[in-house]
C-alpha cells in the first residue's frame, strides 16, 4: 500500500476500548463528530456530520475487531477536490502495547498528490486525523471533550 501519510499516537487504554471509540456512534459523538448515522459495520455507508462542515459519508470496507478498520471516502464528497472525484482509503490500525495501552495508527492512500487539490486534501485530512486522535486520547484518558 502506498500511503500518502500516517499518524500514530499511544492511548493509555486497552485496545478494545480504543477500537470501540472509533466503531461506536455513542463514543464518536462524544469526542469527534456532532452526529453519526450508525455504528460502523462492514459493507455499510455511515454519515459523519459536523455542524460546521456538514455531512461526510464513509464506506466501511473492513472491520477486524480490536485490530483494523478500513474506510473509503470520496475526495469530492468530502469537499477536498472540485475537478476530480476519486476514492481515498483510510486505514486505522490498533496495536496492543500492553494490557492498558494501545498504539493507534491512521493512514490514507489514494490521494492524487501530483495535483494541487489532492495534495491540499491529503494535508488537510492528515491534520484532521491527528486532531481526531488527540481528541480521542483526551476523552478516553481524561474524560475531556476538546471540541467544547
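Numbering (the numbering used here), first residue to last: 7 to 154. Note that CB positions come from ideal geometry on N, CA and C, so glycine has one too. In this text the structure is predicted, and so the values were computed from the model without any measurement.
query, result
"Residue 11: first and last residue of the uninterrupted beta strand (DSSP E) it sits in", "11-17"
"Whole-angstrom distance between residue 97 and residue 147, CA atom to CA atom", "23 angstroms"
"Three-state class that DSSP yields for residue 40 in the structure shown", "coil"
"Residue 118 versus residue 38: straight-line alpha-carbon distance, rounded", "26 angstroms"
"DSSP-derived helix/strand/coil call for residue 143", "helix"
"Residue 50: first and last residue of the uninterrupted beta strand (DSSP E) it sits in", "Neither: residue 50 is in no beta strand (DSSP E) and is coded neither H nor E."
"Close-in-space but distant-in-sequence residues of the same chain around residue 116 (CB under 7 angstroms, 5 per side omitted)", "92, 93, 94 and 95"
"Residue 24, buried or exposed, once every other Cβ within 10 Å from all chains shown has been counted against 16", "buried"
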